[in-house]
Amino acid sequence: MNYMGIDHHKQYSHITLVDEEGKVIKSGRVDNLRSEVEEFRV
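Taking the working numbering, I'd label the letters of the sequence shown as residues 1209 to 1250.
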């Protein structure tokens, strides 16, 4: 299982995806636009 953490700000969010062991799979900053968030994939 993977887990996602989102640090949400007014204009952007920072998303981090980790596995069960806590290893970071993907991390990055995205603008708070639906298209930007949907593009954040593994």
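Glycine is no exception: its CB is placed at the ideal position from the N, C-alpha and C atoms.
- Residue 1211 and residue 1224 have their C-alpha atoms roughly 8 Å apart.
- Annotation for residue 1239: 1220 place their beta carbon closer than 6 Å to its own, counting only its chain and skipping 5 residues before and after.
- Separation of residue 1209 and residue 1227 (C-alpha to C-alpha, rounded to the nearest whole angstrom) is 6 Å.
- Residues 1224 of the same chain have their beta carbon placed closer than 6 Å to that of residue 1213, with the five preceding and five following residues left out of the count.
- Residue 1235 and residue 1215 have their C-alpha atoms spaced approximately 11 Å apart.
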